[in-house]
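What follows is a single structure, written as structure tokens, with notes after it.
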Amino acid sequence: MEAVAKLYSRSIDCSIQVSRVMRPDDANIAGNVHGGTILKMIEEAGVIISTRHCNSRNEERCVAVLARVERTDFLSPMSIGEVAHVSAEITYTSKHSVEVQVNVMAENIIKGAKRLTNRATLWYVALSLENVDKVVDIPSIQYISPEQQEEGRKRYEAQKLDRIETKQRNEDNILPAINVDRQSKEPFTVGYSQSSLIHLVGPSDCALHKFVQGGVTMKLMDEVAGIVAARHCKTNIVTASVDAINFHQKIEKGSVITVSGRMTFTSNKSMEIEVFVDVDHVLESPKGKAHAVTAFFTYVSLDKDGKALPIPMLKIEMEDEKRRFDEGRNRYLHTKAKRMAQAQKCQ
Amino acid sequence: MEAVAKLYSRSIDCSIQVSRVMRPDDANIAGNVHGGTILKMIEEAGVIISTRHCNSRNEERCVAVLARVERTDFLSPMSIGEVAHVSAEITYTSKHSVEVQVNVMAENIIKGAKRLTNRATLWYVALSLENVDKVVDIPSIQYISPEQQEEGRKRYEAQKLDRIETKQRNEDNILPAINVDRQSKEPFTVGYSQSSLIHLVGPSDCALHKFVQGGVTMKLMDEVAGIVAARHCKTNIVTASVDAINFHQKIEKGSVITVSGRMTFTSNKSMEIEVFVDVDHVLESPKGKAHAVTAFFTYVSLDKDGKALPIPMLKIEMEDEKRRFDEGRNRYLHTKAKRMAQAQKCQ
Amino acid sequence: MEAVAKLYSRSIDCSIQVSRVMRPDDANIAGNVHGGTILKMIEEAGVIISTRHCNSRNEERCVAVLARVERTDFLSPMSIGEVAHVSAEITYTSKHSVEVQVNVMAENIIKGAKRLTNRATLWYVALSLENVDKVVDIPSIQYISPEQQEEGRKRYEAQKLDRIETKQRNEDNILPAINVDRQSKEPFTVGYSQSSLIHLVGPSDCALHKFVQGGVTMKLMDEVAGIVAARHCKTNIVTASVDAINFHQKIEKGSVITVSGRMTFTSNKSMEIEVFVDVDHVLESPKGKAHAVTAFFTYVSLDKDGKALPIPMLKIEMEDEKRRFDEGRNRYLHTKAKRMAQAQKCQ
Chain X
1 MEAVAKLYSR SIDCSIQVSR VMRPDDANIA GNVHGGTILK MIEEAGVIIS
51 TRHCNSRNEE RCVAVLARVE RTDFLSPMSI GEVAHVSAEI TYTSKHSVEV
101 QVNVMAENII KGAKRLTNRA TLWYVALSLE NVDKVVDIPS IQYISPEQQE
151 EGRKRYEAQK LDRIETKQRN EDNILPAINV DRQSKEPFTV GYSQSSLIHL
201 VGPSDCALHK FVQGGVTMKL MDEVAGIVAA RHCKTNIVTA SVDAINFHQK
251 IEKGSVITVS GRMTFTSNKS MEIEVFVDVD HVLESPKGKA HAVTAFFTYV
301 SLDKDGKALP IPMLKIEMED EKRRFDEGRN RYLHTKAKRM AQAQKCQ
Chain B
1 MEAVAKLYSR SIDCSIQVSR VMRPDDANIA GNVHGGTILK MIEEAGVIIS
51 TRHCNSRNEE RCVAVLARVE RTDFLSPMSI GEVAHVSAEI TYTSKHSVEV
101 QVNVMAENII KGAKRLTNRA TLWYVALSLE NVDKVVDIPS IQYISPEQQE
151 EGRKRYEAQK LDRIETKQRN EDNILPAINV DRQSKEPFTV GYSQSSLIHL
201 VGPSDCALHK FVQGGVTMKL MDEVAGIVAA RHCKTNIVTA SVDAINFHQK
251 IEKGSVITVS GRMTFTSNKS MEIEVFVDVD HVLESPKGKA HAVTAFFTYV
301 SLDKDGKALP IPMLKIEMED EKRRFDEGRN RYLHTKAKRM AQAQKCQ
Chain V
1 MEAVAKLYSR SIDCSIQVSR VMRPDDANIA GNVHGGTILK MIEEAGVIIS
51 TRHCNSRNEE RCVAVLARVE RTDFLSPMSI GEVAHVSAEI TYTSKHSVEV
101 QVNVMAENII KGAKRLTNRA TLWYVALSLE NVDKVVDIPS IQYISPEQQE
151 EGRKRYEAQK LDRIETKQRN EDNILPAINV DRQSKEPFTV GYSQSSLIHL
201 VGPSDCALHK FVQGGVTMKL MDEVAGIVAA RHCKTNIVTA SVDAINFHQK
251 IEKGSVITVS GRMTFTSNKS MEIEVFVDVD HVLESPKGKA HAVTAFFTYV
301 SLDKDGKALP IPMLKIEMED EKRRFDEGRN RYLHTKAKRM AQAQKCQ
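Chains as they are written, first to last, in the numbering used here: chain X, 1 to 347; chain B, 1 to 347; chain V, 1 to 347.
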């Protein structure tokens, strides 16, 4: 009986559902909802549930800040007028991080059909409201079994390793994201489709604290990646997946963010775009030199019936473009192999 | 066992929860979330659940359109950074209407406190997607008891009567909402605080069909009422309640809406503002002469600690202003008496 | 008697007022509303009134599209929580253009004070809804006196001349707006503050037709100009004025706009920023080579009390920067002389 009560209270405190109708402004002109809109909703659910949890047994008031999103696949595009249901649950806690798992369902309320469109895993840390440079201890959740806790711990260790690695890689690679000399008029080259936008961080980007919410940044990253993809293949393009993203810097209200994207790799049916976020603390001098965020987005191109179209091959002109293309191919083959292994396991 | 299964399926199909963090743009400069933001979220939950229901057993594809909102009280103001949880449930169906009851909770995820802020009842009709002038039959819901159904039927009859009455009243009263000759420089007069705004109906105001969603209209109405109230008493004002609102006209994408408000009555601690919505089909000549929507909003004025301040008395200059003031007082006394009767019943 | 009736009907058909409360997202972190927010509201009033007028006696359904905005001064910055009242009136019609004059008032509804913040003049043409390449004839308005009409005709001829001139100048000047080689790390140079953003044109940018509304474009231009100004002087900056802007190309929904800005001139207390809009019709190959829109924005820098601060002088490194600086100084001196002449006339 007590166990049931615990489970019940857990489902109240440790889960949340965020839903809303998809509007024209959430979608491209073909009516497909931008991946960035979904990523922003996912992160909103994540920040709510983890801020709530971190304050549940703490005396020190704190807010959750996104540290990492695991690789996310977009299983099927959503359309205008459909309802997105984002449900989030806390699945693991370490001393200083919270793991949140999120499911996104698309519901066509006219036809009555529901389908899974995304699964995502997010990691948050909690910062003290009095001193935003202080990381606060996280209350532990109740696990259903020791195995469940042990699996969580493994996921925690794996992401920690990856975070450290990318941080070092970013610090070694302080060059500007976009090689401005290489703006090119020749179609299908890297220079032809590379794009960059600036965004002034406003109050609504920072509703819970004075820093940009991770979801806002991811939405801008997807926007740039989508423009790079559209410039390359001039068709209806949609987000297929996003590789793991690590957030290494807090970005304050009033900053100017520069988000840049360049194509790194094309396969027969997909394109990989690398996206960089750089922060310009307009009113102060810049502190560090590393990119605040980097990520790889994969896009596909769809015909009128939603079938994948072939992608024009990326024209490589320079040594470093060649290197990045090869690295992109490795990531592509690695993911493909992993997916086949999983499919076999399920048979 | 079957009963449980039914209840379970009912909770899936007939209920929904819409949640999100309140942002700076949702609130006034004192940080109190606008009543209009809440009304818009309430209506979004209502339109999702009723459109879903109307398509559940129908072969004819249809969308729900808001016909009426019952009187709604704002029990406590929400703040930026709090999470609004709007949960809606279908509680009655007639041949052509759906009743949706909605609860709004405010959650302070930092302090961990939750409180009820609103309860609302909405009525929808369903229009065919092929022919938007055709009203579609509504599938019946399952009632837990005959009493529950009978009580719903009474609510249905009562609102139907009120809808017919206000429709006639509106058609008799085709004068412009705001008497522009009476724009006055003298504080506390009707002419001093009367206000009007126009809004060009864009695509995102009409996500589910080609008509403005009722919630969008209510948000604009609350915005005008708030400006009238602030002009009158020059303090931090918040929505206390909205009288029943009937929607008599569909408003199409691309129309220009004029929303006008004037103060009708002041008590010691509250102000009543009448709001009119008129439609200008920019690209065509106007069709009817009746206002598309009218409603009475009640506002209170708060000091820094959230305590109600006295309201400067409305200065009456004209015969019709006097008549409206008396009608406003009647509504005020009627509501007060009703509330006291309810309070006594609960003792 | 007839004259009165005409004037009355004119004030109903030919004028409009758009009002709304300024929200946190409309302003910078110092709380000053962006000039672009005001420009967007001005254009929204203009497009409504001129579309309404063009359809009033026409059998052919049409929409108004912005062709030109005359030089606009920002007389005093607006703040969050104030109400912006934008009132627009049609003041001249030629065979194919409509002149709209707009006044913007800021009202502090708490203090009860109102002040004029902007005056603007806009020119629209009307395009057929069936065939957007067809310019539709404009119904003539009634003039109060022949003098009034004659003055309108002079304004019409003057703007026509300027439109033709800038079109030629733009076509001669097809180089990329931003010299990417010149991104510089040295403060106060042109390369240091130059900025550029991309924007994917969405449905809400095109509420009345399938082209971007002029106000949307102007808001983006002001956004880039503001970032250039903030990067240069790292203080609270506000828009002081915008030179005449001509719109030479329709920009369709789904296009990608690149908006670029570079500083051209600094005086003791002001900075001039040149802004370019280029269109990338993602799904088609580009047609022309001329910039879609260009404009000069003037910004000032304010201290905490709203007093103008000195501007760090622009460091000139290249021949063409020197030429642009001198042209900017000429514009600056010309405007200053004109303003002094006007001031003397008024004495």
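All C-beta atoms in this analysis are idealised placements derived from N, C-alpha and C, irrespective of residue type, glycine included. Keep in mind that this is a model prediction, so the values were computed, not measured.
**Study point:** Segments of 3+ residues assigned as beta strand (DSSP E) that fall wholly inside the stretch 52–129 of chain B
**Key:** 62–69, 72–74, 83–93, 98–108 and 113–128
Check your understanding: Of all Cβ atoms in chain B, is any one closer than 9 Å to the Cβ of X:N348?
Key -> No information on residue 348 of chain X is available, as it lies outside the stretch 1 to 347 that chain X covers here.
Practice item. Compute the beta-carbon to beta-carbon distance between B:E60 and B:S15, rounded to the nearest angstrom, for a pair I have assumed lies under 8 Å. Key: Translated into the one-based positions of the second sequence, residue 60 of chain B becomes position 60. Translated into the one-based positions of the second sequence, residue 15 of chain B becomes position 15. Not a contact, Cβ separation roughly 24 Å.
**Study point:** According to DSSP, residues forming a beta bridge with B:K315
**Key:** Here residue 315 of chain B refers to the residue found at position 315 when the second sequence is read from its first residue. Answer by DSSP bridge pairing, in chain order: B:T189.
Practice item. Using three-state DSSP, classify V:T335 as helix, strand or coil. Key: As a first step, residue 335 of chain V must be located in the third sequence, where it is residue number 335. Helix.
Review point. Under 9 Å between C-beta atoms, does X:E157 make it to chain B?
Key: The count along the first sequence starts at 1 and reaches residue 157 of chain X at position 157. It does not: the Cβ of X:E157 has no partner Cβ on chain B nearer than 9 Å.
Check your understanding: Could you give the C-beta distance for V:S94 and V:N32, rounded to a whole number, given that I count them as a contact under 8 Å?
Key -> Position 94 of the third sequence, counted from the start, is the residue given in the question as residue 94 of chain V. Position 32 of the third sequence, counted from the start, is the residue given in the question as residue 32 of chain V. About 37 Å separates the two Cβ atoms, so there is no contact after all.
**Study point:** Option in V:G202, V:H334, V:K338 and V:L309 with minimal Cα separation from V:Y299
**Key:** The count along the third sequence starts at 1 and reaches residue 299 of chain V at position 299. Checking every option, the nearest Cα to that of V:Y299 belongs to V:L309.
Check your understanding: Going by Cα to Cα distance, which pick from B:E44, B:E82 and B:V65 is closest to B:M22?
Key -> In the second sequence, residue 22 of chain B corresponds to position 22, counting from 1. Comparing Cα positions, the closest option is B:E82.
Review point. Alpha carbon to alpha carbon, what distance is there between V:N236 and V:D305?
Key: The residue given as residue 305 of chain V occupies position 305 in the third sequence. The residue given as residue 236 of chain V occupies position 236 in the third sequence. One C-alpha to the other measures close to 11 Å.
Practice item. Taking only beta-carbon positions, decide if X:E204 is within less than 9 Å of chain V. Key: Within the first sequence, residue 204 of chain X is the residue found at index 204, counting from 1. Reading off the sequence, residue 204 of chain X comes out as Ser, not Glu. So yes, X:S204 belongs to the interface.
Exercise for review: Taking X:V63 as the reference, give the member of X:K307, X:S255, X:N131 and X:L116 with the closest Cα.
Suggested key: Reading the first sequence from its first residue, position 63 is the one you call residue 63 of chain X. Considering only alpha carbons, the answer is X:N131.
Check your understanding: In this structure, does DSSP put V:V47 in helix, strand or coil?
Key -> On the third sequence, residue 47 of chain V is found 47 positions in, with the first residue counted as 1. Of the three classes helix, strand and coil, the one that applies to V:V47 here is helix, per DSSP.
Review point. Nearest CA to the CA of B:S195: which residue from B:R262, B:S204 and B:Q213?
Key: Within the second sequence, numbered from 1, the residue matching residue 195 of chain B stands at position 195. The shortest Cα separation from B:S195 among B:R262, B:S204 and B:Q213 belongs to B:R262.
**Study point:** Residues of the stretch 37–52 of chain B whose Cβ lies closer than 7 Å to any Cβ of chain X, in chain order
**Key:** E44, I48, T51 and R52
Practice item. Answer yes or no: do V:I42 and V:N118 have a C-beta to C-beta separation smaller than 9 Å? Key: Numbered from 1 along the third sequence, position 42 holds the residue referred to as residue 42 of chain V. Numbered from 1 along the third sequence, position 118 holds the residue referred to as residue 118 of chain V. Yes, Cβ-Cβ distance for V:I42 and V:N118 is below 9 Å.
Review point. What did DSSP end up calling X:I257 once you bin it into helix, strand or coil?
Key: Residue numbering aside, residue 257 of chain X sits at position 257 when the first sequence is read from its first letter. In this structure, X:I257 counts as strand in the three-state DSSP scheme.
Exercise for review: Consult DSSP for X:F265 and reduce its assignment to one of helix, strand or coil.
Suggested key: Taking the first residue of the first sequence as position 1, residue 265 of chain X is located at position 265. X:F265 falls in the strand class under three-state DSSP.
Check your understanding: Can you find a CB in chain A that lies within less than 9 Å of the CB of B:K269?
Key -> The structure shown contains no chain A; its protein chains are X, B and V.
Point to revise | Neighbourhood of X:D222 by C-beta distance below 7 Å, restricted to the same chain and skipping five residues each side | key: The sequence position of residue 222 of chain X within the first sequence is 222, counting from 1. Correct list, in chain order: H34, G35, G36, L39, T239 and F297.
Review point. How would you call V:M318, buried or exposed, if buried means at least 16 neighbouring beta carbons within 10 angstroms?
Key: Position 318 of the third sequence, counting from 1, holds the residue named residue 318 of chain V. Label assigned to V:M318: exposed.
Exercise for review: Determine whether the Cβ of V:I110 lies closer than 9 Å to any Cβ atom of chain B.
Suggested key: Within the third sequence, the letter at position 110 stands for residue 110 of chain V. True, the Cβ-Cβ gap to chain B drops below 9 Å.
Practice item. State whether the stretch 94–108 of chain B contacts the stretch 266–278 of chain B, with contact taken as three or more CB pairs (one from each stretch) at a distance under 8 Å. Key: no
**Study point:** Same chain, Cβ closer than 8 Å to X:R163, neighbours up to 5 away in sequence not counted
**Key:** As a first step, residue 163 of chain X must be located in the first sequence, where it is residue number 163. These residues qualify, in order along the chain: A67, R68 and N246.
Point to revise | V:G215: contacting residues in chain B (beta-carbon distance under 7 Å) | key: Mapped onto the third sequence, residue 215 of chain V falls at position 215. Correct list: empty, because the minimum Cβ distance to chain B is about 11 Å.
Practice item. Could you list which residues in chain V have their beta carbon closer than 7 Å to that of X:G81, in chain order? Key: For the purposes of this step, residue 81 of chain X is taken as the residue at position 81 of the first sequence. Neighbours of X:G81 on chain V: none; closest Cβ ~13 Å, over 7 Å.
Check your understanding: Alpha carbon to alpha carbon, how far is B:D73 from B:A120?
Key -> Within the second sequence, the letter at position 73 stands for residue 73 of chain B. Within the second sequence, the letter at position 120 stands for residue 120 of chain B. Those two C-alpha atoms are separated by around 8 Å.
**Study point:** CB of X:V135 within 9 Å of CB of X:H96, strictly
**Key:** Indexing the first sequence from 1 puts residue 135 of chain X at position 135. Indexing the first sequence from 1 puts residue 96 of chain X at position 96. Taking 9 Å as the Cβ cut-off, X:V135 and X:H96 qualify as a contacting pair.
Practice item. Could you tell me whether any Cβ in chain V is nearer than 9 Å to the Cβ of X:F296? Key: Position 296 of the first sequence, counting from 1, holds the residue named residue 296 of chain X. Not one chain V Cβ lies under 9 Å of X:F296.
Review point. What's the gap between the Cα of B:Q159 and the Cα of B:P187?
Key: Locating residue 159 of chain B in the second sequence gives position 159, where the first residue counts as 1. Locating residue 187 of chain B in the second sequence gives position 187, where the first residue counts as 1. Going from the Cα of B:Q159 to the Cα of B:P187 covers about 38 Å.
Review point. Would you say V:I12 faces chain X, with C-beta separation under 9 Å as the test?
Key: For the purposes of this step, residue 12 of chain V is taken as the residue at position 12 of the third sequence. Here the model assigns V:I12 a pLDDT of 45, short of 50, so the residue's position is not dependable and the matter cannot be decided.
Review point. What is the DSSP secondary structure of B:K345, reduced to helix, strand or coil?
Key: As a working mapping, residue 345 of chain B is identified with position 345 in the second sequence. Helix, per DSSP.
Check your understanding: Do you know how far the Cα of X:G215 is from the Cα of X:T294?
Key -> The residue you call residue 294 of chain X lines up with position 294 of the first sequence. The residue you call residue 215 of chain X lines up with position 215 of the first sequence. Approximately 14 Å between the Cα atoms of the pair.
Check your understanding: So which residues of chain B does V:L220 contact, with C-beta pairs closer than 7 Å?
Key -> Here residue 220 of chain V refers to the residue found at position 220 of the third sequence. What V:L220 touches in chain B: nothing, since even the nearest Cβ is about 17 Å away.
Review point. Which residue from X:P24, X:D278, X:R115 and X:R324 puts its Cα closest to that of V:G254?
Key: By 1-based counting over the third sequence, the position of residue 254 of chain V is 254. The shortest C-alpha separation from V:G254 is found at X:P24.
**Study point:** 9 Å Cβ cutoff met for V:S87 and V:Q17
**Key:** In the third sequence, the residue the question calls residue 87 of chain V occupies position 87. In the third sequence, the residue the question calls residue 17 of chain V occupies position 17. Contact: yes.
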